[in-house]
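Engineer: In the numbering used here, the protein residues as written are 177 to 519.
Even for Gly, the Cβ is constructed at its ideal location relative to N, Cα and C.
Small disclaimer: the values here were computed from a predicted structure and weren't measured.
The structure that follows is given in the form of structure tokens.
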């Protein structure tokens, strides 16, 4: 069996295994283990335990009968189902993203984009994505397996205008007993200016390349609970950039966590809702940069009552113990920002 990127393998001559991330020459395979490090190994020293296809779906192969020679059924298509080993506690909360991966992220204004739908949950997702206007027009509809990403199409920068206003509808289920999840009906208004800025495309857990991720649902929290499509009487208001552009230092990012810099409409949100949303953005930025040793990130949290700063310090102490934190440049930020250094 030929080994492919995405296959789960185990080592024959030692304990452990992981996911195939790439190759070195013809005989060496790079295996990402649970600790996130890639281990080179001879192809002859690993064995595939969970094969995937080009969409990263696990291939469900029935067990071979003992002492029998099974003839291949050329008329039966392969079934793609989820391996129980892939279920995670975090996956019990729905997280669904629309991802734009530039072919050349260093020149996004001239690049083509691959569009994916990413299902970061333990649930199947039957979905429909429609272009929103005076009337709806379906662009994609399909069912997405758990913990997978589905390539939708490739577009050019000239095609982006058609994606300015979208509506995503979906419902989640499992093929066994599961906790009920409400149906998803989420409007998306894309800020097209972000597609022409290199820093909008960030490292992530789903692609080897930087990508622009638009949240549809994150940990059971739908952006439809915060944002709504404008009425005909309202002038469409572009969504603000959630990550401000980096300053002159190449290894420093500046992230504005003021709630009005993250979302345009805070009507109906409680202080806890706002704090949760701000901390989601904080953790998103930390996860995207945690492997970039030496990077410094300035989080602008404001002075206020100090609740956001206190929660940032608590999260750093609990989940990012290898990082240092200090007050940011006082002359520039006053008491309203903290600088995190990734080690």
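1) Would you tell me roughly how many angstroms separate the C-alpha atoms of residue 284 and residue 379, rounded to the nearest one?
2) I believe residue 279 touches residue 288 by the beta-carbon criterion, under 8 Å. Please report the beta-carbon distance rounded to the nearest angstrom.
3) Under 7 Å between the Cβ atoms of residue 271 and residue 394?
4) Would you kindly work out how many angstroms separate the C-alpha atoms of residue 327 and residue 274, rounded to a whole number?
5) From residue 402 to residue 449, what distance separates their C-alpha atoms?
6) Leaving out five residues before and five after residue 198 in sequence, what residues of the same chain have Cβ atoms less than 6 Å from its Cβ?
7) CA-CA distance, residue 188 and residue 223?
8) With a CB to CB cut of under 8 Å and the five nearest residues on each side skipped, what residues in its chain are close to residue 500?
9) Where does residue 311 fall in DSSP's three states?
10) Rounded to whole angstroms, how far is the Cβ of residue 476 from the Cβ of residue 433, which I believe are closer than 8 Å?
11) Considering residue 490, what are the terminal residues of the beta strand (DSSP E) in which it resides?
12) Can a CB atom of chain D be found closer than 7 Å to the CB of residue 343?
13) Express the C-alpha separation of residue 336 and residue 182 in angstroms, rounding to a whole number.
14) Just to confirm my understanding: we take residue 248, look at its own chain, exclude 5 residues before and 5 after, and list those with CB closer than 6 Å. What are they?
15) Can you tell which of 203, 220, 341 has the C-alpha that lies nearest to the C-alpha of residue 186?
16) Buried or exposed, going by whether 16 or more other CB atoms sit within 10 Å of the CB of residue 471?
17) Exposed or buried, which one is residue 365 when buried takes at least 16 other CB atoms within 10 Å?
18) Looking at C-alpha atoms only, which residue of 463, 313, 190 is the closest neighbour of residue 492?
19) What do you get for residue 298, buried or exposed, if any count of 16 or more other CB atoms within 10 angstroms of its CB means buried?
20) By the three-class DSSP mapping on this structure, what secondary structure does residue 182 have?
21) For residue 296, is the classification buried or exposed, using 16 other Cβ atoms within 10 angstroms of its Cβ as the cut-off for buried?
Structural biologist: Taking the definition as stated:
1) 15 Å
2) 5 Å
3) yes
4) 10 Å
5) Note that residue 402 scores 46 on pLDDT, short of 50, meaning its location in the model is unreliable and no value can be drawn from it.
6) 206
7) 7 Å
8) 516, 517, 519
9) coil
10) 6 Å
11) Counting along the chain, residue 490 falls outside any beta strand (DSSP E), though it belongs to the alpha helix (DSSP H) covering 483-495.
12) Judged by its chain identifiers, the structure shown contains no chain D, having just a single protein chain.
13) 30 Å
14) Residue confidence for residue 248 is low, a pLDDT of 42 falling below 50, so the modelled location carries little weight and cannot support an answer.
15) 220
16) buried
17) buried
18) 463
19) buried
20) coil
21) buried
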